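Taking it in order: structure first as structure tokens, then the write-up.
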Amino acid sequence: MMATIANSNVRLLANLVDPNDEEESEYRFLVDEKHVKYVTVDPGVFPKGDRTFAPVLIPMLPPFPPGNWNEGHISKDPLTQRPVFSRVTDSDLPGIRNTWYDRRIDHLELQKLDRVRQNIHLVTCSAFNFPVLVKFAEFPWQMPFFEAETTAYEWIEGKGIGPKFLGHLTEAGRVFGFVLENVDGARTAEPQDLPACQRILAKLHALGIKHGDINKHNFLIRNGEAVLIDFETAQKCSEKAELESEYKQLEESLRDPSHRGGVGIRVVSDHCPG
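Below you can see the structure in the form of structure tokens.
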């Protein structure tokens, strides 16, 4: 008779761990392919090298308690020194409030084609007949960044500045991310693309919006024209001097040889491995 694998109904979706294991680790799990659970773990509960490797980590986790809960905490039992769920709660998790677009898509409807970043995936879903990108908050405390970026996409809607905004992404009813056009066939901007980048930044500035992070990885070049991405730090700005300063910094940003800021949307083709 085959042994039952512990927590075989649990899938690791995201993790955030302290390399020195001096602070709590954070995890996002999917249970029974339906229920998302946010779990924090005390330092020292699991071996340092095993905290992010799902095939080893998941069998070491204590059994997930039944019932309706979405936040839990794992610590060591003071008597047995074994990991246990010391707390579970059904919390009212924060969500994006500015749901200005008329389409919502639940994360369970998605089929992942590629992981661009831990929180940016190339996916398919029934709402579209082409691959799209989803960008989402891995943990509830990240929500203010996504609130800001969602609002920025409302400001630039229909202006030909960024990727097309295609919908709000939901989890258990709350909005925690968004769906974007995949800018297929594009590349990161280089110094020779300065005129195209200046044109797109000038369009943004004409709307009274400062981008706030004009590193070269936030300019994608497609068919000779630029597309701006990553609007987490964008804000309305009426100060002409601030907008001019950002515009003047653009040439230097494109010449920056470092990988600073190279964590935005990596462009992927429509033919990605599963």
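Each residue of the sequence shown is one higher than the last, beginning at 4 in this note's numbering. Just so it is clear, CB atoms sit at the ideal spot from N, CA and C, and this is done for glycine as well. In this text, all values refer to a predicted model and were calculated from it rather than measured experimentally.
Residue i burial status per 10 Å Cβ neighbour count (16 or more: buried)
i	result
Asp187	exposed
Val59	exposed
Thr279	The first residue shown for the chain is 4 and the last is 277, placing residue 279 beyond what the model contains.
Thr2	This structure cannot speak to residue 2, because the chain is shown only from 4 to 277.
Phe179	buried
Phe319	Any answer about residue 319 is impossible in this case: the structure gives the chain only from 4 up to 277.
Lys37	exposed
Gly98	buried
Ala244	exposed
Glu174	buried
Lys219	buried
Nearest neighbour of residue i, chosen from the options [CA to CA]
i	options	result
Asp117	Lys239, Asp105, Val135	Val135
Glu242	Ser129, Ile212, Ala140	Ile212
Asp109	Pro66, Gln121, Ile123, Ser129	Ser129
Phe139	Ala155, Gln121, Tyr156	Gln121
Ala1	Phe32, Pro66, Thr191	Here the chain covers residues 4 to 277 and nothing more, so residue 1 does not appear.
Lys40	Asp24, Leu16, Pro62, Asn23	Leu16
Gly47	Asn10, Pro62, Arg85	Arg85
Gly52	Asp45, Asp24, Leu246, Asn185	Asp24
Lys115	Leu125, Arg106, Arg107	Leu125
Phe142	Gly176, Val42, Ala192, Thr102	Val42
Val137	Leu183, Asp216, Gly227	Leu183
Val119	Val44, Asn185, Gln252, Pro66	Asn185
Glu228	Thr191, Gln252, Leu253, Asn218	Thr191
Residues near residue i in its chain [Cβ-Cβ closer than 7 Å; skip 5 each side]
i	result
Asp80	Val87
Ala189	Leu223, Ile224, Arg225, Val230, Val270
Asp93	Asn71, Trp72, Asn73
Lys239	Gly211, Ile212
Leu246	His208, Lys213, Cys240
Glu26	Pro46
Thr102	His171, Val178
Gly176	none
Tyr104	Phe168, Gly170, His171
Close beta carbons around residue i, own chain, < 6 Å, minus the five adjacent residues each side
i	result
Val91	Pro68, Trp72, Gly75
Asn18	Tyr30, Thr55
Ser89	His76, Ser78
Pro194	Leu257, Arg258
Met146	Pro97, Ala140
Gly161	none
Val44	Ser28, Ile77
8 Å Cβ cutoff, residue i in contact with chain C
i	result
Ala140	The chain inventory of the structure shown lacks chain C, comprising one protein chain alone.
Test item: CB-CB of residue i and residue j under 8 Å
i	j	result
Leu64	Val13	yes
Ile159	Leu223	no
Ser28	Asp21	yes
Phe133	Tyr156	no
His171	Arg106	yes
Asn10	Pro50	no
Proximal residues to residue i (C-beta, below 8 Å), its chain only, five neighbours per side dropped
i	result
His214	Leu204, Leu207, Asn221, Leu231, Phe234, Thr236, Ala237, Glu249
Ser261	none
Gly163	Lys206
Glu112	Cys128, Ser129, Ala130
Glu254	Pro194, Leu197
Asp216	Asp233, Glu235, Thr236, Gly264
Gln252	Ile217
Near the ligand COA: residue i beta-carbon under 7 Å from a heavy atom
i	result
Phe179	No copy of the ligand COA occurs in the structure displayed, which carries no ligand at all.
Counting Cβ pairs, one atom from each stretch, are 3 or more of them under 8 Å apart for the segment 160–168 and the segment 190–202? With a cut-off of 8 Å, the segment 190–202 and the segment 160–168 do not count as touching, because too few Cβ pairs lie within range.
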